[in-house]
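So the sequence shown is numbered by UniProt numbering: it starts at 1 and just counts up by one. In this text, a Cβ means the ideal position worked out from N, Cα and C, and glycines have one as well.
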Amino acid sequence: MAAEPDDHALGRSRGGLTTKLPLAVDASFHVLATVVTAGQRADAWVFTQVMDRIRIPRVGGGHPRTRPGHVLADRAYSSRAIRTYLRRRQIPHTIPEKRDQAGHRRRRGTAGGRPPGFDWEMYERRHKVECRIGLLKQARGVATR
């Protein structure tokens, strides 16, 4: 059996072939960017690709913005590389810290640095986005036929 080309973004699991669509959406749930990946691929690996594809139209014309006003993400995106990427691009972000990362930082004491800032009120807005993604998944059967 011939292997599937890499650009087909098909992953294999016990249930068969799978795909993922990591998304970047705004507060009104307009899709700003997406990348199709194989199902077993971790979302964090394509985070920078999704962020680099963001184009937010400006009111009144001009070049589109490439930096969102704020990024909300779950623990899967809590890595030093992603936080560094967002800081370098001066993008405010709210990402909870993983327990093992927090424990490692505490074990290092003062050399571990301070914990990343986290705003629960801002993070709760992510729930609305997750609900909308659930609606997209329900409509998937109609969209793919």
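Buried versus exposed call for residue i [16 or more other C-beta atoms within 10 Å across all chains shown]
i           : result
Val35       : buried
His30       : exposed
residue 193 : For residue 193 there is no data in the structure shown, the boundaries of the chain being 1 and 145.
Ala24       : buried
Identity of the residues DSSP links to residue i by a beta bridge
i     : result
Arg65 : Ile56
Ala33 : Ala24
Residue i versus residue j: straight-line alpha-carbon distance, rounded
i      : j      : result
Gly134 : Gly60  : 33 angstroms
Gly113 : Glu121 : 24 angstroms
Asp100 : Arg108 : 12 angstroms
Cys131 : Gly103 : 31 angstroms
Ser78  : Arg126 : 15 angstroms
His63  : Phe118 : 32 angstroms
Asp26  : Met51  : 12 angstroms
Arg41  : Glu124 : 26 angstroms
Gly39  : Ile82  : 21 angstroms
Ala139 : Thr110 : 49 angstroms
Val129 : Leu136 : 11 angstroms
Distance between beta carbons of residue j and residue i, contact taken as under 8 angstroms
i     : j     : result
Thr37 : Ile54 : About 17 angstroms; that fails the 8 angstroms criterion.
Leu86 : Ile56 : With a Cβ gap of about 16 angstroms, Leu86 and Ile56 do not count as contacting.
Lys98 : Arg75 : 5 angstroms
Problem set entry | Three-pair Cβ contact test at 8 angstroms for the stretch 20-35 versus the stretch 44-51 | yes
Problem set entry | contact_flag[the stretch 92-101, the stretch 66-77] where n(CB pairs < 8 angstroms) is 3 or more | yes
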